[in-house]
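Under the numbering used here, the sequence shown is numbered contiguously, ending at residue 393. Backbone N, C-alpha and C fix where the C-beta goes; we use that ideal spot for every residue, glycine too. Note that the coordinates shown come from a computational prediction; the quantities given were computed from them, not determined experimentally. Scroll down for the structure; my scribbles are underneath it.
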Amino acid sequence: MRIEGAVVLITGASSGIGLATARAFSASGARVALAARSAQALEDLVQELGGASVALALPCDVSDPVAAAELVTRTVEVFGGLDVLVNNAGIGHYGSLIDAPWTEIEQVFATNLFGPIHLIRAAVPVMRRRGGGVIINVSSVNGRRALPLMAAYSASKYALNGIADALRVELSRDRIAVVTLLPGAVRTRFNTALLGKPPSGGRRGGPFPSSPERVARRIVDLARHPRPIAYVTFRDRLWVWLSLLAPRLVDLMLGRVLRSNP
Ligand SMILES: NC(=O)c1ccc[n+]([C@@H]2O[C@H](COP(=O)([O-])OP(=O)(O)OC[C@H]3O[C@@H](n4cnc5c(N)ncnc54)[C@H](OP(=O)(O)O)[C@@H]3O)[C@@H](O)[C@H]2O)c1
132 MRIEGAVVLI TGASSGIGLA TARAFSASGA RVALAARSAQ ALEDLVQELG GASVALALPC
192 DVSDPVAAAE LVTRTVEVFG GLDVLVNNAG IGHYGSLIDA PWTEIEQVFA TNLFGPIHLI
252 RAAVPVMRRR GGGVIINVSS VNGRRALPLM AAYSASKYAL NGIADALRVE LSRDRIAVVT
312 LLPGAVRTRF NTALLGKPPS GGRRGGPFPS SPERVARRIV DLARHPRPIA YVTFRDRLWV
372 WLSLLAPRLV DLMLGRVLRS NP
């Protein structure tokens, strides 16, 4: 995929990884459509990136199926097509699956899983007509190894990974690549914006977090050269391998962390 001149739709572009990704694609010459709920943050970003000819603010809650499909329609109306979809908008959840309010669990799945599904269903017909495209789902290492007290969040990412595995094969004949990116800890507001009530007010993220700019560079690189499953750091990859090879050892490690930092 040639990024210069490409049309890229990024969800969750008001903050963190999505914001850095919007800047990175824009710096590479792409036109970017930016979605999130915070309208003012998106408008500010459009101005920063050079105005309406290269960037488009699309305030939206991705968990609303009609609004999510409208993101694709507006992107095509304004920029004439869609080449890359980055499903990045997401929300964390802290708390026991047993005790958490059901509305919180529903919101996690509506945002992290159903949002990307709405977007993919709207984007694929457009990409088919254009002869191809790239879909990048920002998942998590927690979608390969669930964390205690983050069952709902982790499960939403497992499901997202499952969808990508199926669609990758289905859509290959349409020349649409489907990429799953599995970041570990990233330095964003994510852990303080969690649904649920961590005792400290914000869950401590993993050690040695990556910068959102590093994740953004990886995402742009994956749009250029798609691969099925991708990581940001070798440490993230190692964690997933260890979880698969020695699940009981990882249970013990996570149990110790949980007891010392509930
Ligand atoms: N930070 C980490 O350690 C980490 C690790 C692995 C994976 N991830 C994944 O990376 C992605 C981005 O997270 P981040 O770390 O950049 O966190 P963040 O700074 O909190 O950004 C989350 C973005 O999602 C948007 N968003 C949330 N709910 C939305 C909704 N219903 N509709 C539209 N937009 C919505 C937020 O914008 P508004 O509030 O304006 O809507 C914001 O732009 C998430 O999918 C997360 O699961 C993060």
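Which residues DSSP lists as bridging Gly264, in chain order: Ile307
- request: Please go through the same chain and pick out, in chain order, the residues whose beta-carbon is closer than 7 Å to the beta-carbon of Asn292, but skip the five residues on each side of it.
  value: Ser270, Gly274, Thr311
message: By the DSSP assignment, the beta strand (DSSP E) with Val215 in it spans what residues?
response: 215 to 218
Arg348 CB to nearest heavy atom of ligand 1 below 7 Å: no
task: Could you pull out every residue in the same chain whose Cβ sits closer than 6 Å to the Cβ of Arg368, ignoring the five residues on either side in sequence?
output: Tyr362
query: So the alpha helix (DSSP H) Leu302 belongs to, where does it begin and stop?
result: No alpha helix (DSSP H) contains Leu302, which DSSP labels as neither H nor E.
query: What residue from Ile266, Ala316, Arg261, Gln238 has the CA that sits closest to Ile251's CA?
result: Ile266
query: Can you tell me where the beta strand (DSSP E) with Ile350 in it begins and where it stops?
result: Element bounds for Ile350: not the beta strand (DSSP E) but the alpha helix (DSSP H), 343 to 355.
- prompt: How many angstroms separate the CA atom of Arg304 from the CA atom of Ser146?
  reply: 34 Å
field: Start and end residues, alpha helix (DSSP H) containing Pro279
entry: No alpha helix (DSSP H) holds Pro279; DSSP gives it neither H nor E.
query: Is any heavy atom in ligand 1 found nearer than 7 Å to the beta carbon of Arg168?
result: yes
- prompt: Is the beta carbon of Leu202 less than 8 Å from the beta carbon of Leu140?
  reply: yes
- request: Check whether the Cβ atoms of Ser341 and Pro314 lie closer than 8 Å to each other.
  value: yes
message: Starting from Pro190, trace the beta strand (DSSP E) in both directions and tell me its first and last residue.
response: 186 to 190
message: Between which residues of its own chain and Ala84 is the CB-CB distance below 6 Å, once the five residues before and five after are set aside?
response: What the structure shows of the chain is the stretch from 132 to 393, and residue 84 is not part of that stretch, so it cannot be assessed.
field: Residues near Gly212 in its chain [Cβ-Cβ closer than 6 Å; skip 5 each side]
entry: Val138, Arg261
Uninterrupted alpha helix (DSSP H) stretches inside the segment 206 to 254 (no shorter than 4 residues): 233 to 240
query: Grouping DSSP H, G and I as helix and E and B as strand, with all else coil, what is Tyr170?
result: According to the sequence as given, residue 170 is Ala; it is not Tyr. Helix, per DSSP.
Closest Cα partner of Leu278 within the set Leu150, Asn392, Pro256, Cys191: Asn392
field: Cβ-based burial, Ala170 [other Cβ within 10 Å; buried from 16]
entry: exposed
- request: Say yes only if the C-beta of Ala324 is nearer than 7 Å to one or more non-hydrogen atoms of ligand 1, and no if none qualify.
  value: yes
Residues bridged to Tyr362 [DSSP beta-bridge criterion]: Leu313
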